[in-house]
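Asker: Line by line, the protein sequences are chains A and B. All letters in the first sequence, in the order written, are residues 28 to 165 by the working numbering. All letters in the second sequence, in the order written, are residues 20 to 499 by the working numbering. We treat Cβ as the ideally placed atom computed from N, Cα and C, and that holds for glycine. Nothing here was measured: the structure is a model prediction, and the numbers come from that model.
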Amino acid sequence: MDAIEYIPHTADIRLKVTGSSPKDLFETALTGMSNLMRNHYCDKKRELPLDIKIKLDAPDFTTLLIDFLSEVLTLSNLHQAIYCRVYFEQLSDHILDARLFGAHVRKFDEDIKAVTYHEANITHSPTGEFETMIVFDI
Amino acid sequence: MIDQKSLIKLNEYLWEIPQSTRPDMRVPAHIYALEEMLADLFNDRSLDQLMNVATLPGIQKAAIVMPDVHEGYGFPIGGVCATRYPDGVISPGGIGYDINCGVRLLLSDITFNDIESHLPELTSELYRYIPSGIGRGGSIKLNIKEIEKVLTRGAHWAVQNGYGDADDLEFIESNGVLPSADSNVVSTEAKQRGHDQLGTIGAGNHFVEVDRVDEIFDEEIARSFGLYREQTVILIHTGSRGMGHQVATDYLRLFQRIMPKYDLHPPDRELACAPFNSREGQQYFSAMAAAANYAWCNREVITWEVRQAWKNIFGKTPTPRLLYDVAHNMAKLETHVLNGKSHKLIVHRKGATRAFGPGSSEIPDSYQKTGQPVLIPGSMGTASYVLSGTTKSMELTFGSTCHGAGRQMSRTAAKKIVDAPKLQRELLEQGIHVQARSYRGIAEEAPIAYKNIDLVVKTVSRAGIARKVARLRPLSVIKG
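#1: Hey, could you find the ends of the beta strand (DSSP E) B:Leu364 is sitting in?
#2: In the DSSP assignment, what residue or residues form a beta bridge with B:Ala101?
#3: Within the continuous beta strand (DSSP E) that includes B:Cys120, where are the two ends?
#4: Check whether the region 115-128 of chain A and the region 45-58 of chain A are in contact - that is, three or more C-beta pairs closer than 8 Å.
#5: Helix or strand or just coil, what does DSSP make of B:Gln79?
#6: Tell me where the alpha helix (DSSP H) around B:Glu140 begins and ends.
#7: Consult DSSP for B:Met349 and reduce its assignment to one of helix, strand or coil.
#8: Can you give, in chain order, each stretch of the beta strand (DSSP E) that sits fully within the region 175-253 of chain B and has at least 3 residues?
#9: Quick one: Cα of B:Phe20 to Cα of B:Glu238, how far?
#10: By DSSP's criteria, B:Asp438 is part of a beta bridge. Which residues make up the other side?
#11: Any idea which residues DSSP pairs A:Phe115 with across the strands?
#12: Kindly provide the ranges of any beta strand (DSSP E) runs that are 3 or more residues long and lie completely inside the region 441-483 of chain B, ordered along the chain.
#13: May I ask which residues mark the beginning and end of the beta strand (DSSP E) holding A:Thr45?
#14: With burial defined as no fewer than 16 other Cβ atoms inside 10 Å of the residue's Cβ, what is the status of B:Lys13: buried or exposed?
#15: Tell me the DSSP secondary structure of B:Phe94 in three-state form.
#16: With distances taken from CA atoms, which of B:Glu55, B:Ala82 and B:Leu254 is nearest B:Met44?
#17: Check the Cβ-Cβ distances between A:Val113 and every residue of chain B, and say whether any is below 9 Å.
#18: Cβ of B:Arg368 less than 9 Å from any chain A Cβ?
#19: Among A:Ala85, A:Met64 and A:Ile34, which has the Cα closest to the Cα of A:Cys111?
#20: Restricting to Cα atoms, I'd like to know which of B:Gly400, B:Gln427, B:Leu290 and B:Gly378 is closest to B:Ser412.
#21: Please compile the residues from chain B whose C-beta is within a distance smaller than 8 Å of the C-beta of A:Ser97.
#22: Quick one: does B:Tyr116 have its CB under 9 Å from some CB of chain A?
#23: With 16 other CB atoms within 10 Å as the buried threshold, where does A:Ala85 fall?
#24: For a quick check, are the C-beta atoms of B:Ile159 and B:Val320 less than 9 Å apart?
#25: Whose C-alpha, out of B:Gln23, B:His214 and B:Glu249, is nearest the C-alpha of B:Glu55?
This is the structure:
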């Protein structure tokens, strides 16, 4: 199974994201979003000189994931940058404390307006994988 | 998913999903669609999303969708939801991320014959003046203090700062400013994202388009609007850009956290809401109004850019005047009649256009006899429409009608099947000049990705929730 699957949506973009652990799920979702914003940008090994600390809390784990991606999207737009890597100081059901690594880009390839909560629901499968759907408003 | 058998036909254009279909529905769901359009509505989850809307606390009469409906995230696009004032809910999802996305139409005094030979030149000049594309900023750079003035003054800021025309203000919905706006409840990030985006159209389905009036359906109203056959007009479609996206994101995040306090548990997280009269509900309403003001200012600045480009090509010929500017992603406090009594309501329109009829105190004096102009943009290769608001829309749909053709194909599918360079050549052969930042944008917005706008307009016209006035055909299209 691919870690990121594109599922059809009439107007927007729907991703099914799978990770072997909560951290892997968050990092895979980050890669999926950043690669949408700039085609396959994070698939190549590259210098990531931007280093930003973020700290979030949320009422549940799914909300934490969507809020994390929203925060990254905001930072990407403010800094004209793509963030490819995340190092977690702490990731629990309610708290995220992390460092983001990225680089400035000349342009974006996709105008993601928002990361929505629609259909987002992190589940833990019997095979031990964590997965959720994420719908991006474009 | 709901199936077609569950729908009750109320008449040739209106279908109902009864309230009894799901125990959590508080009102029925109403679908405006001719029978020939109905099967397509089951290709995505639009109607399931509509039933979710019908569960919102305080919703009145029915959750409604227009014939251009398609699946959204939470609310379906093309939806109208009115909730009870002051204790019904307000939902940022019922407005969407592009707050006050909307359309305005400029009317010139030049006919198609006079403009035809200048079209390539005009298209290039418009493209040069109007920044377009993903995240692209414009030439106006504002500090936070100045942005805050934009958020409270709306289109008036553009006029006061030399980027607009005072005569336009009367012809903008709400005169281009919502007084409930409060920049103090807008985040610094939202303000920062707006610092260089005034006067820009962005990407996606947003555009500036030169059209010709190719058919008049109602001579009297067209005359009153100043429309005539072969007239050249300019259509502008965009919204509040990154600033509005950030406001919606901020408040959806907040509402996820406060809903338990108000015992609110909507069936979809994107229907996050708060009682209108709660502190958070009021804060969102003021922040949304600020973003709406930014959008009106944006469209006014773009109009200024259009007029600069126009002057460069046509010299002293009068620049195009504004017919009207309408929003299609917004929540407003309005008074409507329910069961014979007037009620103040919170009317959410997400991908639906206000269509107030004759005599409404909300519309300019010059449209008192006709109803307000309603602008329905189509795809770049088909047609757009000018309609007028009706008394019946006030009775049936809280003064609302459709907002466009409505997507029927995903962007991914459109990119797979559309050869953008070929489409651009084919459109040029039809006399339509398309200038875009990317072929990808052209492919995603190809006419094949949209429903038949003629059927959408036929539906609202038959239903009486708008009156057909004129049809526009594209001549040149500027896209992101």
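Answerer: Taking the coordinates as given:
#1: Counting from one through the second sequence, the residue named residue 364 of chain B turns up at place 345. First-last of the beta strand (DSSP E) with B:Leu364: Lys360 to Lys369.
#2: Residue numbering aside, residue 101 of chain B sits at position 82 when the second sequence is read from its first letter. B:Ala101 is bridged to B:Val366.
#3: On the second sequence, position 101 is the one that residue 120 of chain B refers to. Where B:Cys120 is concerned, there is no enclosing beta strand (DSSP E), given that its DSSP letter is neither H nor E.
#4: yes
#5: On the second sequence, residue 79 of chain B is found 60 positions in, with the first residue counted as 1. Three-state result, B:Gln79: coil.
#6: Along the second sequence, one-based indexing puts residue 140 of chain B at 121. That run of the alpha helix (DSSP H) goes Leu138 to Tyr148.
#7: Translated into the one-based positions of the second sequence, residue 349 of chain B becomes position 330. B:Met349: strand per DSSP, three-state reduction.
#8: 226-235
#9: Here the question's residue 20 of chain B lines up with position 1 in the second sequence. Here the question's residue 238 of chain B lines up with position 219 in the second sequence. Looking at the sequence provided, one finds Met at residue 20 of chain B rather than Phe. The straight-line gap from Cα to Cα measures roughly 44 Å.
#10: Along the second sequence, one-based indexing puts residue 438 of chain B at 419. Note: B:Asp438 sits in no beta bridge, so no partner.
#11: Mapped onto the first sequence, residue 115 of chain A falls at position 88. Note: A:Phe115 sits in a beta bridge opposite A:Ala125.
#12: 452-455
#13: For the purposes of this step, residue 45 of chain A is identified with residue 18 of the first sequence, where counting begins at 1. Its beta strand (DSSP E) spans residues Ile40 to Gly46.
#14: Because chain B spans 20 through 499 in this model, residue 13 of chain B falls outside it and cannot be assessed.
#15: Taking the second sequence and counting its residues from 1, the one referred to as residue 94 of chain B is at position 75. In this structure, B:Phe94 counts as strand in the three-state DSSP scheme.
#16: Locating residue 44 of chain B in the second sequence gives position 25, counting from the first residue. Cα-wise, what sits closest to B:Met44 is B:Ala82.
#17: Locating residue 113 of chain A in the first sequence gives position 86, counting from the first residue. Chain B, which has no Cβ nearer than 9 Å to the Cβ of A:Val113, makes this no.
#18: Position 349 of the second sequence holds residue 368 of chain B. It does not; no Cβ of chain A falls within 9 Å.
#19: Residue 111 of chain A sits at position 84 when you count from the first residue of the first sequence. For the residues A:Ala85, A:Met64 and A:Ile34, the minimum Cα distance to A:Cys111 belongs to A:Met64.
#20: Indexing the second sequence from 1 puts residue 412 of chain B at position 393. Of the listed residues, the one whose Cα sits closest to B:Ser412 is B:Gly378.
#21: One-based indexing of the first sequence puts residue 97 of chain A at position 70. Within chain B, the residues near A:Ser97 are Thr268 and Arg272.
#22: Taking the second sequence and counting its residues from 1, the one referred to as residue 116 of chain B is at position 97. It does: the Cβ of B:Tyr116 has a partner Cβ on chain A nearer than 9 Å.
#23: Numbered from its first residue, the first sequence carries residue 85 of chain A at position 58. A:Ala85 should be labelled buried.
#24: Start at 1 with the first residue of the second sequence, and residue 159 of chain B comes out as number 140. Start at 1 with the first residue of the second sequence, and residue 320 of chain B comes out as number 301. For B:Ile159 and B:Val320, yes; Cβs fall inside 9 Å.
#25: The residue labelled residue 55 of chain B in the question sits at position 36 within the second sequence. Per the Cα distances, B:Gln23.
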